[in-house]
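Enquirer: Counting along the sequence shown from 1, when you hit position 894 you're at 894 in UniProt numbering, and nothing is skipped either side.
From the three backbone atoms N, C-alpha and C, an ideal C-beta is built for every residue, glycine too.
Just passing along the structure, written as structure tokens.
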Amino acid sequence: MHLQDHKFPRGLHASMLAEAGLLFLSLISWGLNELAREISLASTSLVDFAEKFDTAISAEKAAFLQRHQKAYGYRNKIDRMRQQEFARLGKRVYVDHAGSTLYAASQLRAVFKDLEAHVYGNPHSLHGELLGEWGSGAAEAEARRLTLQMCSASAQDYVCIFTAGATGGFRLIAECFPWKPESVMVYTRDNHNSVTGIRESALQAGASALAVDLCAGSNGATCFQPCLPLMSRSLQHASSTEQPVHMFAMPVESNFSGMRYDPVLVTAIQQQGMPGADGESLLGRVPVQEQGRCLVVLDAAKACTTCPPNLAECSADFVALSFYKIFGYPSGLGALLVRKDALPLLRKRYFGGGAVAVSIAEEDFSRQRPGAAGMEDGTSAFLSVAALKHGFAQIHRLGGFTAVEHHTQALTRHMAESLQEMHHGNGRPVCALYGAHAGTVLPDARYMPPGIIGQGPIVTFNIMRPDGTFVGYREVEKLAALNRIDLRAGAFCNPGACAQHLGLTPERMRANFEAGHVCWDDHDVIDGIPTGAVRVSFGYMSTFEDAAAVLQFVREFFHSAQAQQDNVNGQMNPAADPKDESSAIKAPPGMAEDFTTSSSLTPVLEAIFVYPIKSCAGFSPSEWSLGPNGLLYDREWVLIDESGVALTQKSMPQLGLLRPRIDRSAGVMIVRSPTAQGELRVSVPPQPGSTTHTPTTRVSVSPATSPMVTPLASLAASDIEAGLSDADDNPNSSVRVRRSRLSETPEQVVQVGESPELKRIKVCSDTVATAQAGAMEVVGSQLTPQEWLRQAVGLPCHLVRQQPGSRRSSLQRAAQEVQQQPMQSRNTLGFANEGQYLLLNSSSLRDLRQRLSAAQADASSTDSSSSVLPSSIFAGVSRFRPNFVIGAADLAPFSEDAWRFVQLGPHFFHVTGPCARCEIICIDAANGVKSGPEPLLTLARYRRQQGRILFGILLDHDFN
1 MHLQDHKFPR GLHASMLAEA GLLFLSLISW GLNELAREIS LASTSLVDFA EKFDTAISAE
61 KAAFLQRHQK AYGYRNKIDR MRQQEFARLG KRVYVDHAGS TLYAASQLRA VFKDLEAHVY
121 GNPHSLHGEL LGEWGSGAAE AEARRLTLQM CSASAQDYVC IFTAGATGGF RLIAECFPWK
181 PESVMVYTRD NHNSVTGIRE SALQAGASAL AVDLCAGSNG ATCFQPCLPL MSRSLQHASS
241 TEQPVHMFAM PVESNFSGMR YDPVLVTAIQ QQGMPGADGE SLLGRVPVQE QGRCLVVLDA
301 AKACTTCPPN LAECSADFVA LSFYKIFGYP SGLGALLVRK DALPLLRKRY FGGGAVAVSI
361 AEEDFSRQRP GAAGMEDGTS AFLSVAALKH GFAQIHRLGG FTAVEHHTQA LTRHMAESLQ
421 EMHHGNGRPV CALYGAHAGT VLPDARYMPP GIIGQGPIVT FNIMRPDGTF VGYREVEKLA
481 ALNRIDLRAG AFCNPGACAQ HLGLTPERMR ANFEAGHVCW DDHDVIDGIP TGAVRVSFGY
541 MSTFEDAAAV LQFVREFFHS AQAQQDNVNG QMNPAADPKD ESSAIKAPPG MAEDFTTSSS
601 LTPVLEAIFV YPIKSCAGFS PSEWSLGPNG LLYDREWVLI DESGVALTQK SMPQLGLLRP
661 RIDRSAGVMI VRSPTAQGEL RVSVPPQPGS TTHTPTTRVS VSPATSPMVT PLASLAASDI
721 EAGLSDADDN PNSSVRVRRS RLSETPEQVV QVGESPELKR IKVCSDTVAT AQAGAMEVVG
781 SQLTPQEWLR QAVGLPCHLV RQQPGSRRSS LQRAAQEVQQ QPMQSRNTLG FANEGQYLLL
841 NSSSLRDLRQ RLSAAQADAS STDSSSSVLP SSIFAGVSRF RPNFVIGAAD LAPFSEDAWR
901 FVQLGPHFFH VTGPCARCEI ICIDAANGVK SGPEPLLTLA RYRRQQGRIL FGILLDHDFN
């Protein structure tokens, strides 16, 4: 049945009655089957039914349903729809519908069935439509009609122009608008970048631009308060005798906060101009009739997900939207609705394809087609256009946008109120909410702001610690991802609203940028002020369980029942103040004394690991030498793609399958891979023999003078030099360690500019000089070295070697992490991310394994369908990529948090800080695939501090 066949007279259509009867019978049958299998529904709007048949329902959900049973769930359809249409989500929680909603399975099936049943060719060709067959032209006309209908726009007043998303619509307006030197573009500060970007076209054309906030005038009416003086550029443009055309742009619903703007503003601006807070028009002190025409641009991209604008009531001149935000598929397609009386004002500067009625190649003569066709250059995305009717049908089956609005509003209120009610043990709020939520914690937003009429299905917030400081939004986003929660964090391409809600002045934003902060980086809190926020947004298929999962996540990771918590056995308070000494990592009980002379504590060096190629597997020798960058040859090579970008396991987990090892006696590095024939051999200059660290070497550990770890920057350079001054070979020691310097071969001492093969690459924000790895050959295969690397890695790449001294010292890097002056160090760093050496305490590793086992057992006891963790998570240390593993039966887990020095034989290593972990440890190195969120998720529950998940310690050794 086509969507156009659905009519809604006052009486029910007979076919609808029959359809309803079949649906009723199918529901009964389905319900009996569900009960027979003893599978209870996760949600229902009938509380008494839930209490009788679904014993698993929570009191929280029961209260929610009792309050919102008429609004939530589309009359009990939500759970069945979620099971049938979105089974691919599984246990994943998707709350980023402001970014994009998800397509339904039946919607996609209908699209492909449609494509199989009809011939969709170029709409500029006639094809079979002369015979009345359904094709691209008919599908395009139907899609335009449905889009206009969604916004209550009459085809007599509006045209629908298909664009490349809402952004394509705004760009079309910007390029075709009749800018004059007297024109002014006025826009609310709360606008998406795609709208604010229109400003560039206006300023380049000699017009002016002005950002405004809404405020209440003396008569109570909404007026406009300029944020800063009028913007203009010193360009020479001749003035015009014609009346200028101005523009006012605002969102229907803010994509940052979800606040909804009063549509009455549209008509008021069109008829009365734009009054300022002082009563004067922003367009100048001239009568309204002489100010020129003001066209209103609405950004409806976010609003159309649940509550499209009603253009029958507010006849905006331009309205832009994106379809993927409404029903998930197709992406990359949007529409621009234009009033027919405003369309002639747009002046195209380019035409393509069928946009012209006539064009003469030899002369400057062309005529644009009337209506939408004249604004659409080239062939439209006709297959995507044909798919639109199936998306609209999906919304229609739920009861239309009114039903979607009621459903999402119920979830939004529940989420916002629950976050507002959440407080730490000391009474301080856990969250700061932004938007028009009633009773928000923000002191200046307890009332509905001027020009705002409500709140859309968005809950934007920042999380605060018990002391009132902010948790970084990137930390929240990353932890959410580990918990399979898809939300959004940042400024959401709306810097104006972000600045407005967070109190960021233009001066501060400039300073943040000059300090290195850009969109999508990890600088989420600067000088105590967030640079963005966390956004949860609901869509038509969102459920109570989605909201409950987010709330539980916030409680588990960020709510503190007490104002402050002491850390025991290395556990860290996730809500602690990094500036408060009580929140520092503390030594376990009984570890405060200097135990280097204690006979009961005898840790030994259990293993040594060397990783010659960055992000590839390592090997574990029985003994090894020290070098200037760490262990000799450790992370001295790196694979780069053809554009010179270093390859890492973050994007290419299969790198872990490459297994290099160094044969020092033969002077070669041998690399093997299960995906490449033979083995690659790389020439390595032999090093002089030396006595080295060996497993079973005794390790003496020097703790801090107090139980708390001394901050890195507070250690004097003299302390370090004193600690290393005795690092001479001791012939009487039970373990002899002798360092070996790298030979000064021509390959190693190439200077920048001396070799055409020298490349500079970026590694962890550092620019590192590299050169070709040296002589390479493949043994056991006819492949060339480059062919072997391509087979092993899966793409063309090159192996390069770091040039000596081309990367700064690890002490300087660590000092920069804590924003302190670096200590003096002559040490250099290889391709390792942070320190020269990484040390793991085997007791800490056993503690983690026990926690993982306990979590697996708990999950299995409560959910038989829970996935079994890969055995590799519990075995070995390879995924943690340490250089040293030490242990002892009486060595407490995480006692290393309190150490300042580690002594291996006669040599001292300075502890530069803890090792911050990332998703690399979630890669199953044995198979070269990502194996899920563990063990990072478990570590995040008890080893998180200042936004970092810590496991292991970094060491620095003065080789010189």
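What is the residue span of the alpha helix (DSSP H) that Cys915 lies within?
Expert: As a first step, residue 915 is located in the sequence shown; it is residue number 915 there, counting from the start. No alpha helix (DSSP H) contains Cys915, which is instead part of the beta strand (DSSP E) from 907-917.
Enquirer: Assuming Gly328 contacts Asn629 under a Cβ cut-off of 8 Å, what Cβ separation, rounded to an integer in Å, is found between them?
Expert: Here residue 328 is taken as the residue at index 328 of the sequence shown, counted from 1. Here residue 629 is taken as the residue at index 629 of the sequence shown, counted from 1. Not a contact, Cβ separation roughly 49 Å.
Enquirer: Can you grab the Cα-Cα spacing for the pair Thr675 / Ser665, in whole Å?
Expert: Numbered from 1 along the sequence shown, position 675 holds the residue referred to as residue 675. Numbered from 1 along the sequence shown, position 665 holds the residue referred to as residue 665. If you take the alpha carbons of Thr675 and Ser665, they lie about 27 Å apart.
Enquirer: Residue 975 and Gln394: beta carbons closer than 7 Å?
Expert: Outside the shown range of the chain (1 to 960) lies residue 975, about which nothing can therefore be said.
Enquirer: If you draw a straight line from the C-alpha of Ala207 to the C-alpha of Ala249, how long is it?
Expert: Working through the sequence shown from its first residue, we reach residue 207 at position 207. Working through the sequence shown from its first residue, we reach residue 249 at position 249. Rounded to the nearest angstrom, the two C-alpha atoms are 15 Å apart.
Enquirer: Does the Cβ of Val645 have 16 or more other Cβ atoms within 10 Å, making it buried, or fewer, making it exposed?
Expert: Reading the sequence shown from its first residue, position 645 is the one you call residue 645. Val645 should be labelled exposed.
Enquirer: Using CA coordinates, which residue listed in Ile920, Ala888, Phe544, Phe901 is at the minimum distance from Ala63?
Expert: Indexing the sequence shown from 1 puts residue 63 at position 63. Nearest C-alpha to Ala63: Phe544.
Enquirer: Pick helix, strand or coil for residue 964, following the three-state DSSP scheme.
Expert: Examination of residue 964 is not possible in this model, given that the chain is present from 1 through 960 alone.
Enquirer: If we count the other Cβ atoms within 10 Å of its Cβ and call it buried at 16 or more, is Cys915 buried or exposed?
Expert: Translated into positions along the sequence shown, residue 915 becomes position 915. Buried is the call here.
Enquirer: Going by DSSP, which residues form a beta bridge with Asn841?
Expert: Locating residue 841 in the sequence shown gives position 841, counting from the first residue. In the DSSP output, where bridge partners are listed per residue, Asn841 has Ile886.
Enquirer: From Ala18 to Tyr74, what does the alpha carbon distance come to, in whole angstroms?
Expert: As a working mapping, residue 18 is identified with position 18 in the sequence shown. As a working mapping, residue 74 is identified with position 74 in the sequence shown. Low confidence applies to Ala18: its pLDDT is 40, below 50, so where it sits in the model is not reliable enough to give any reading.
Enquirer: What span of residues does the beta strand (DSSP E) with Thr469 cover, start to end?
Expert: For the purposes of this step, residue 469 is taken as residue 469 along the sequence shown, with counting starting at 1. Careful: Thr469 lies outside any beta strand (DSSP E) and carries neither H nor E.
Enquirer: Which of the three DSSP states, helix, strand or coil, is assigned to Gln69?
Expert: Looking up residue 69 in the sequence shown gives position 69. Reduced to three states, the DSSP call for Gln69 is coil.
Enquirer: Measure from the alpha carbon of Pro530 to the alpha carbon of each residue in Ala320, Gln562, Val471, then state which is nearest.
Expert: Your numbering for residue 530 matches position 530 in the sequence shown. When each option's Cα is compared against that of Pro530, the closest is Val471.
Enquirer: Could you tell me the alpha carbon to alpha carbon distance between Met708 and Ala898, rounded to whole angstroms?
Expert: Position 708 of the sequence shown holds residue 708. Position 898 of the sequence shown holds residue 898. Only weak support exists for where Met708 lies, its pLDDT of 26 falling under 50; the coordinates are left without a value.
Enquirer: Give the DSSP bridge partners of Glu253, in chain order.
Expert: Indexing the sequence shown from 1 puts residue 253 at position 253. According to DSSP, Glu253 bridges with Arg260.
Enquirer: Quick check: what's the CA-CA separation for Gly794 versus Arg681?
Expert: Against the sequence shown, residue 794 aligns to sequence position 794. Against the sequence shown, residue 681 aligns to sequence position 681. Their Cα atoms are separated by approximately 19 Å.
Enquirer: From the DSSP output, in three-state form, read off Asn512 for me.
Expert: Within the sequence shown, the letter at position 512 stands for residue 512. Correct three-state label for Asn512: helix.
Enquirer: Give the range of the beta strand (DSSP E) segment to which Val638 is assigned.
Expert: Locating residue 638 in the sequence shown gives position 638, where the first residue counts as 1. Val638 -> beta strand (DSSP E) spans 637-641.
Enquirer: Exposed or buried, which one is Gln946 when buried takes at least 16 other CB atoms within 10 Å?
Expert: As a working mapping, residue 946 is identified with position 946 in the sequence shown. Buried.
Enquirer: Contact between the stretch 126-141 and the stretch 401-414: three or more CB pairs below 8 Å?
Expert: Contact fails: fewer than three Cβ-Cβ distances are below 8 Å.
Enquirer: How many angstroms separate the CA atom of His957 from the CA atom of Phe908?
Expert: Start at 1 with the first residue of the sequence shown, and residue 957 comes out as number 957. Start at 1 with the first residue of the sequence shown, and residue 908 comes out as number 908. Cα-Cα distance, rounded: 7 Å.
Enquirer: To the nearest angstrom, how far is the alpha carbon of Gln409 from that of Met652?
Expert: In the sequence shown, counting from the first residue as 1, residue 409 sits at position 409. In the sequence shown, counting from the first residue as 1, residue 652 sits at position 652. Their Cα atoms are separated by approximately 41 Å.
Enquirer: Name the residue from Phe619, Gln69, Glu182 whose alpha carbon lies nearest to the alpha carbon of Gly292.
Expert: Taking the sequence shown and counting its residues from 1, one reaches residue 292 at position 292. With distances taken between Cα atoms, Gly292 lies closest to Glu182.
Enquirer: For Leu283, collect the residues of the same chain with a Cβ closer than 7 Å to its Cβ; drop the 5 residues on either side in sequence, then sort them by chain order.
Expert: In the sequence shown, residue 283 corresponds to position 283, counting from 1. Within the same chain, Leu283 has close Cβ partners Val184, His246, Gly273, Met274, Gln291.
Enquirer: Name the two residues that bound the continuous alpha helix (DSSP H) containing Pro785.
Expert: As a first step, residue 785 must be located in the sequence shown, where it is residue number 785. Where Pro785 is concerned, the enclosing alpha helix (DSSP H) stretches over 785-793.
Enquirer: By Cβ distance, which residues of its chain are closer than 8 Å to Tyr419, with the 5 residues on each side in sequence left out?
Expert: Along the sequence shown, read from residue 1 onward, the residue named residue 419 stands at position 419. According to the sequence as given, residue 419 is Leu; it is not Tyr. Here the set comprises Val430, Cys431, Leu433, Val459, Phe461, Leu551, Val554.
Enquirer: Between the Cα of Pro954 and the Cα atoms of Ile326, Gly451, Arg846, Phe901, which residue gives the shortest distance?
Expert: Sequence index remark: in the sequence shown, residue 954 carries index 954 (1-based). The sequence given here has Leu at residue 954, not Pro. Closest by alpha carbon: Phe901.
Enquirer: From residue 963 to Arg339, what distance separates their C-alpha atoms?
Expert: Any answer about residue 963 is impossible in this case: the structure gives the chain only from 1 up to 960.
Enquirer: Provide the residue span of the beta strand (DSSP E) that contains Ile452, from first to last.
Expert: Counting from one through the sequence shown, the residue named residue 452 turns up at place 452. From DSSP, the beta strand (DSSP E) with Ile452 extends over 452-455.
Enquirer: Only counting the same chain, and skipping five residues up and downstream in sequence, which positions put a Cβ closer than 6 Å to that of Cys304?
Expert: Locating residue 304 in the sequence shown gives position 304, where the first residue counts as 1. The residues are Leu321, Ile326.
Enquirer: Between the C-alpha atoms of Phe382 and Ala355, what's the straight-line distance to the nearest angstrom?
Expert: For the purposes of this step, residue 382 is taken as residue 382 along the sequence shown, with counting starting at 1. For the purposes of this step, residue 355 is taken as residue 355 along the sequence shown, with counting starting at 1. Each residue's Cα considered, the two are about 15 Å apart.
Enquirer: Within this structure, are the beta carbons of Gln455 and Gly258 separated by less than 7 Å?
Expert: In the sequence shown, the residue the question calls residue 455 occupies position 455. In the sequence shown, the residue the question calls residue 258 occupies position 258. It is a contact, given that the beta carbons lie within the stated cut-off.
Enquirer: Does the Cβ-Cβ distance between Arg879 and Ala925 come in under 7 Å?
Expert: Locating residue 879 in the sequence shown gives position 879, counting from the first residue. Locating residue 925 in the sequence shown gives position 925, counting from the first residue. A contact, by the Cβ cut-off of 7 Å.
Enquirer: Does the structure place the stretch 602-610 close enough to the stretch 885-895 that three or more beta carbon pairs sit under 8 Å?
Expert: With the cut-off at 8 Å, the stretch 885-895 and the stretch 602-610 touch.
Enquirer: By the three-class DSSP mapping on this structure, what secondary structure does Asp956 have?
Expert: Here residue 956 corresponds to residue number 956 of the sequence shown, with the count starting at 1. Correct three-state label for Asp956: strand.
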